[in-house]
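Protein chains in written order, with the UniProt record's numbering: chain A, 1 to 306; chain B, 1 to 306; chain C, 1 to 306; chain D, 1 to 306.
Think of the CB as a built atom: it goes at the ideal place given N, C-alpha and C, for glycine as much as any other residue.
There are 4 protein chains.
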Amino acid sequence: MSNQGVLRPGHVIIRVLDIHEAKDYYVNVLGLIETAQDANGKVYLKAWDEHDHHSIVLQEADEPGIEVMAFKVSDEATLKRLANEIENFGIKTELFAANTHLATGKRVRFTAPTGHVFELYSEKELVGNGMPVVNPGVKAPNLKGIHPNNFDHCALIGDDVEGSYKLFVNVLGFQLAERVIAGDNMIAAFLSCSNKPHDVAFIHAPVKGKLHHLSFAVDSWAHVLNAADKIAENEVPHEIGPTRHGITRGETIYFFDPSGNRNEIFSGGYLWYPDRPILTWTVDELPKALFFHERKLNETFLSVMT
Amino acid sequence: MSNQGVLRPGHVIIRVLDIHEAKDYYVNVLGLIETAQDANGKVYLKAWDEHDHHSIVLQEADEPGIEVMAFKVSDEATLKRLANEIENFGIKTELFAANTHLATGKRVRFTAPTGHVFELYSEKELVGNGMPVVNPGVKAPNLKGIHPNNFDHCALIGDDVEGSYKLFVNVLGFQLAERVIAGDNMIAAFLSCSNKPHDVAFIHAPVKGKLHHLSFAVDSWAHVLNAADKIAENEVPHEIGPTRHGITRGETIYFFDPSGNRNEIFSGGYLWYPDRPILTWTVDELPKALFFHERKLNETFLSVMT
Amino acid sequence: MSNQGVLRPGHVIIRVLDIHEAKDYYVNVLGLIETAQDANGKVYLKAWDEHDHHSIVLQEADEPGIEVMAFKVSDEATLKRLANEIENFGIKTELFAANTHLATGKRVRFTAPTGHVFELYSEKELVGNGMPVVNPGVKAPNLKGIHPNNFDHCALIGDDVEGSYKLFVNVLGFQLAERVIAGDNMIAAFLSCSNKPHDVAFIHAPVKGKLHHLSFAVDSWAHVLNAADKIAENEVPHEIGPTRHGITRGETIYFFDPSGNRNEIFSGGYLWYPDRPILTWTVDELPKALFFHERKLNETFLSVMT
Amino acid sequence: MSNQGVLRPGHVIIRVLDIHEAKDYYVNVLGLIETAQDANGKVYLKAWDEHDHHSIVLQEADEPGIEVMAFKVSDEATLKRLANEIENFGIKTELFAANTHLATGKRVRFTAPTGHVFELYSEKELVGNGMPVVNPGVKAPNLKGIHPNNFDHCALIGDDVEGSYKLFVNVLGFQLAERVIAGDNMIAAFLSCSNKPHDVAFIHAPVKGKLHHLSFAVDSWAHVLNAADKIAENEVPHEIGPTRHGITRGETIYFFDPSGNRNEIFSGGYLWYPDRPILTWTVDELPKALFFHERKLNETFLSVMT
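Dropping the structure here:
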């Protein structure tokens with residue numbers, strides 16, 4: 001595929017209740033790498049196999065949740081083009097100068113119909129993945145905790161799934177890989193801008209701008225077990241898993257950061273291509289769509305959000 | 001990423017010495033699914049999780065090897081555009097009408113500087129992956145043998161790696177993910193048109209149009225073990241593995257089909273993005289680049305080709 | 001260790017509500033191999049890597065549950081010695097002639113303080129594991145379903161855990177590997193007659209002769225995933241897992257046969273030796289002892305029995 | 001099984017050329033835990049999940065190899081009984097007082113027909129596995145390198161395999177699980193004193209007292225991959241693997257310590273019982289027996305010994 005468009009989820013800014021506690025968790029248990037702390041106390045983190053400066057930013061706040069989800073686009077021309085197209089779609093955009101967000105170029109900010117604040121940018125400082133680019137190895141040394149390879153996607157909750165879906169597909173060039181329908185309504189949309197089965201998902205609830213979960217990728221089911229053991233050893237609140245999703249087929253475990261933001265570690269899932277058929281799950285099959293092994297809903301998965 | 005361009009390796013036509021023996025191997029041991037046999041005796045096969053009509057075509061011939069590698073492009077406009085650009089690059093193209101290759105639309109054929117015949121097409125009949133598109137499961141029933149998820153890539157051998165590299169990068173929109181250099185010469189190029197670390201690789205030898213291997217993807221290292229056990233149980237000639245590549249980090253095993261064409265089963269590898277640094281291996285580190293665990297070359301891997 | 005004593009769980013007779021439905025499940029989903037059906041309609045099954053004639057016997061009845069758990073002992077002298085020692089311990093034994101249970105030698109029957117009927121025998125017809133004993137392979141061909149390697153253990157529920165514990169340790173030569181205590185009371189005892197962390201477990205409830213679960217062993221966590229996928233594909237009622245036990249460290253999933261008898265597929269666990277320290281779990285840590293990842297009890301695990 | 005007899009391989013004393021280099025390797029790469037260094041410079045190590053004081057002792061010497069392999073027996077009465085029976089078998093024994101080997105009780109030493117020095121002992125100081133015995137976790141914290149669970153077995157090379165076999169089976173109570181025959185000669189014997197498919201193996205060559213390899217156990221094939229990656233990252237000399245053995249079915253990788261002593265990391269293998277049929281491999285099938293995937297011998301495996 002050519003490189004004109006949105007490349008990937010680039011970073012999220014997450015609201016945490018206690019920055020010290022959050023940093024300890026994300027560095028020592030989840031195993032992300034701290035790359036900076038700014039004058040306002042925000043902590044910048046990356047997963048080990050990412051080359052960009054950061055993918056997770058922790059920001060102390062009175063309530064947990066997601067402040068911004070930002071996507072990296074292929075180049076500055078694309079950034080401009082997409083800003084125009086978002087405006088043409090009827091959504092206001094705001095332009096921020098380079099370095100008004102640490103280590104990052106110009107940013108275009110907008111709010112999607114589900115109430116989530118998104119940003120696009122085309123440049124971020126490269127810090128590398130801890131291995132040389134000439135004769136590298138296969139894993140960086142001295143990793144801690146779960147150390148997923150990369151930040152993978154967010155699932156976001158809001159009232160106008162159809163609206164955000166249209167924005168992402170018609171304007172931002174995402175494709176719908178899977179969806180959940182209740183009668184004529186799409187109550188969840190799994191959207192890809194890559195060969196991954198999703199880069200962002202929108203889930204319906206009568207709220208605005210809420211976070212369902214942040215997801216991090218590991219190599220395999222064996223690494224999901226390792227993650228499960230580590231969250232248990234560290235007394236991290238567990239929600240569900242290890243299990244498999246029907247949607248995306250991913251192997252997964254869910255748990256909560258110290259502020260109550262839901263995290264996922266997952267592996268697997270199929271290779272998405274834009275000409276692959278869209279998969280549809282009907283709401284009566286939602287239990288299987290979510291938790292393929294359990295085939296029943298749990299108490300919290302559809303109700304707890306931040 | 002937007003969908004303008006080459007999507008993926010779509011199919012390869014493989015020359016086999018005995019079509020019955022080959023079919024038995026590819027269906028019962030490798031576990032591909034036969035979708036058709038044409039009037040000329042060619043056998044059409046797909047991996048279970050592919051939706052397109054076929055990805056491997058077996059054609060009886062006096063010598064093994066690869067007849068054609070074909071890529072699916074996003075749409076007909078792209079097909080025309082790329083045909084023009086290939087001609088502009090100085091390489092002749094030939095246009096074939098729809099259905100002159102079974103279940104496939106118009107095709108553009110050209111020969112790369114390494115002597116390999118490639119085709120582009122934008123349409124192929126969909127046959128599905130054996131599961132419904134509404135409330136699907138996670139795996140098709142009644143699979144046999146190794147049953148990889150999908151055909152993944154080819155490694156091809158020829159004399160003008162630099163030439164084919166330029167064609168694929170400058171014209172077809174591929175990116176260079178990794179390369180091996182000997183002094184100033186690029187002796188191997190691993191090229192991606194996706195988020196996979198390679199969709200095609202070119203390896204230098206003073207020949208034209210040769211095949212190093214066809215590769216099929218499985219979910220994980222546990223499935224590589226299963227493949228290894230199955231090739232042993234079926235007395236399939238083994239070359240090397242299970243092991244890990246330095247290049248791409250993939251977990252891998254190599255073996256040969258009954259005609260001597262090299263097959264690979266692999267899993268893993270990192271997520272490729274066009275802004276990820278190109279990795280370079282120097283020829284003195286080739287043993288590690290190829291076989292990360294063994295760190296030594298074997299007798300056949302660089303000499304046997306079809 | 002010398003071979004004087006109880007070798008292993010040899011077979012269990014399980015009560016099922018519908019023999020046809022039960023057989024279909026145990027053969028096609030669980031993947032056991034049918035070796036015989038007797039004149040009374042009882043179905044005899046073995047796991048693929050067992051050499052003995054059977055390890056599971058299905059017997060139609062009005063209520064589910066366990067009829068008999070039988071242990072193979074090393075030889076006939078041991079059988080006689082243990083029968084005497086059981087009598088000396090104050091428990092009556094009953095001797096059955098060879099072949100009064102299909103393909104099995106003389107049997108000594110007794111009822112343990114928890115109300116479970118046990119048998120000992122020293123001979124059973126060998127049918128092999130589907131591979132030759134000269135130049136065997138590593139796996140029998142044509143296996144179906146989950147196909148665990150072997151029947152591994154039972155967990156049994158009854159009122160006098162202390163009593164059955166004493167019988168098994170002081171008379172039958174088992175060792176206590178782990179236990180759960182509530183104050184001064186041992187409410188669960190995990191007993192080994194091998195290098196496995198348990199061959200039988202007793203769990204307290206104010207009942208007699210009840211079954212908690214039958215457990216079957218697979219090679220690894222990857223096979224537990226495969227089992228989980230297969231129980232989902234076959235709509236087998238799921239209880240909990242994939243997860244890890246704190247007790248024994250085993251990787252596990254629980255589900256129910258069509259009659260409601262609980263089955264487990266598990267892998268892993270440490271190597272037990274008689275000089276290894278006994279591990280004790282206090283009842284307040286029971287959630288972690290049972291489900292190391294979840295660290296909470298579910299609704300059914302401690303209440304549903306057959 | 002009752003506990004009268006040989007329990008397990010307790011420790012080996014390994015000759016290394018440079019104690020500092022050896023200690024660095026066994027602690028930081030293999031991931032054993034140092035428990036003591038004695039006045040003579042010997043280093044005592046244990047695998048993390050062993051409770052005994054040590055299982056590997058490093059002793060500086062001019063040549064690599066194995067000095068002693070010691071088995072733990074169930075109690076002092078067994079120690080005396082076995083000493084007598086060894087003498088009756090016609091082999092001299094030597095008795096050493098408690099604590100003449102660090103942290104270890106009385107020892108009985110003898111030399112087997114293959115020229116290997118063995119010892120038996122019934123007592124060794126317990127140091128635990130790094131977790132409490134009340135409400136333990138599932139893994140000790142702060143482990144390094146490969147950190148196998150336990151030392152598992154040795155394969156030893158000598159001229160009189162039949163002689164050592166008879167000693168181990170007729171006197172020490174081991175069972176023959178598998179063997180390789182060349183015509184009427186048993187050229188390799190795999191002997192178990194447990195439910196593991198081997199605790200010691202004897203392989204024929206016209207030498208006395210040589211070491212083929214020391215083997216350490218990990219949980220699964222996923223951990224064998226981790227071991228393979230770590231030996232590569234640390235530039236440890238690799239021999240073969242990851243692969244599977246035909247003999248024992250174990251998943252395996254072989255490599256060499258800095259002195260040239262061969263090490264193995266393995267997982268899997270079936271559950272051995274004394275009534276399981278002995279498996280026989282004929283010498284023409286030796287390639288498959290050794291390396292089930294490769295099905296060919298390599299240059300070093302049958303020739304390099306220390």
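Item: Quick one, which of A:Glu235, A:Trp281, A:Leu17, A:Thr300 has its alpha-carbon nearest Gly137 of chain B's?; Value: A:Trp281
Item: Please list the partners that Ala232 of chain A has in chain C, where partner means a Cβ-to-Cβ separation under 7 Å.; Value: Phe292, His293, Arg295
Item: Go to Ala205 of chain A, then tell me how far its beta strand (DSSP E) extends in each direction, as first and last residue.; Value: Here Ala205 of chain A belongs to no beta strand (DSSP E), and DSSP marks it neither H nor E.
Item: Just to make sure I have the definition right: I need the residues of chain C whose C-beta is within less than 7 Å of the C-beta of Asn135 of chain D. Which are they?; Value: Trp281, Thr282, Glu285
Item: Val138 of chain D versus chain A: which residues are under 7 Å apart at the beta carbon?; Value: Asp229
Item: Using a cut-off of 7 Å between C-beta atoms, extract the partners of Thr243 of chain A located in chain C.; Value: Pro242
Item: By Cβ distance below 8 Å, which residues in the same chain neighbour Phe174 of chain B in space, the five residues on each side in sequence not counted?; Value: Val6, Phe168, Leu191, Ser192, Cys193, Asp199, Val200
Item: Do Glu60 of chain D and Val16 of chain D have their CB atoms nearer than 8 Å?; Value: yes
Item: Whole angstroms are fine: how far does the CA of Gly90 of chain C sit from the CA of Asp49 of chain C?; Value: 37 Å
Item: Which residues of chain G have a Cβ atom closer than 9 Å to the Cβ of Gly268 of chain C, listed in chain order?; Value: Reference to chain G is not applicable here, since the protein chains of this structure are A, B, C and D.
Item: Helix, strand or coil, according to DSSP, for Asp62 of chain D in the structure here?; Value: coil
Item: Looking at the C-beta of Leu30 of chain D, does it have a partner C-beta in chain B at a distance below 8 Å?; Value: no
Item: Excluding the five sequence neighbours on either side, which residues of its own chain have a C-beta within less than 6 Å of the C-beta of Lys208 of chain A, listed in chain order?; Value: Gly115, Gly158
Item: Mind checking whether Lys42 of chain C and Leu58 of chain C have CB atoms under 8 Å apart?; Value: yes
Item: Starting from Ile231 of chain C, trace the alpha helix (DSSP H) in both directions and tell me its first and last residue.; Value: 221 to 233
Item: Within the 8 Å Cβ cut-off, does His223 of chain A reach chain C?; Value: no
Item: Can you look up Leu156 of chain C in the DSSP assignment and give me helix, strand or coil?; Value: strand
Item: Determine the chain A residues that contact His51 of chain B at a beta-carbon separation under 9 Å, and present them in chain order.; Value: Tyr273, Asp275, Arg276, Pro277
Item: Which of the three DSSP states, helix, strand or coil, is assigned to Glu34 of chain A?; Value: strand
Item: Is Val73 of chain C buried or exposed, if buried means 16 or more other CB atoms sit within 10 Å of its CB?; Value: buried
Item: Three or more C-beta pairs closer than 8 Å, one from the region 219 to 229 of chain B and one from the region 271 to 288 of chain B: is that the case here?; Value: no
Item: For the putative contact between Lys144 of chain D and Val27 of chain D, defined by C-beta atoms under 8 Å, what is the C-beta separation to the nearest angstrom?; Value: 7 Å
Item: Using a Cβ-Cβ cutoff of less than 6 Å, which residues in the same chain neighbour Gly65 of chain C once the five nearest sequence positions on both sides are dropped?; Value: Arg15, Leu211, Thr306
Item: Under three-state DSSP, which class holds Ser164 of chain A?; Value: helix
Item: Pick out the complete alpha helix (DSSP H) segments inside the UniProt domain "VOC" (8 to 123) of chain A, 4 residues or longer, and give them in chain order.; Value: 19 to 24, 76 to 89
Item: Rounded to the nearest angstrom, what separates Thr104 of chain D and Phe292 of chain C at their Cα positions?; Value: 35 Å
Item: Roughly how far, in whole angstroms, is the beta-carbon of Gly128 of chain D from the beta-carbon of Phe71 of chain D, given that I think they are within contact range, below 8 Å?; Value: The pair is not a contact, with the Cβ atoms about 21 Å apart (cut-off 8 Å).
Item: Of the residues that make up the region 173 to 194 of chain B, which ones have a beta carbon closer than 7 Å to any beta carbon in chain A?; Value: Gly173, Cys193, Ser194
Item: Just curious, the beta strand (DSSP E) that Pro237 of chain B is in, first and last residue?; Value: That residue, Pro237 of chain B, is in no beta strand (DSSP E); it is neither H nor E in DSSP.
Item: Taking the beta carbon of Gly183 of chain B as the centre, do at least 16 other beta carbons fall within 10 Å, making it buried, or is it exposed?; Value: exposed
Item: For Thr300 of chain B, which three-state DSSP category applies?; Value: coil
Item: Exposed or buried, which one is Val134 of chain D when buried takes at least 16 other CB atoms within 10 Å?; Value: exposed
Item: Quickly, what does DSSP pair Ile265 of chain B with across the bridge? List them, please.; Value: B:Phe216, B:Ile253
Item: Please confirm whether residue 323 of chain D has its beta-carbon closer than 8 Å to some beta-carbon of chain B.; Value: In the structure as shown, chain D begins at 1 and stops at 306. Residue 323 of chain D is therefore absent and cannot be evaluated.
Item: Short of 6 Å in beta carbon distance, which residues of its chain neighbour Lys53 of chain C, apart from the five on each side in sequence? Order them along the chain.; Value: Sequence check: residue 53 of chain C is His here, not Lys. So the list reads Thr35, Ala103, Lys124, Glu125, Val127, once near-sequence residues are dropped.
Item: Distance, Cα to Cα, Asp18 of chain C vs Val236 of chain C?; Value: 16 Å
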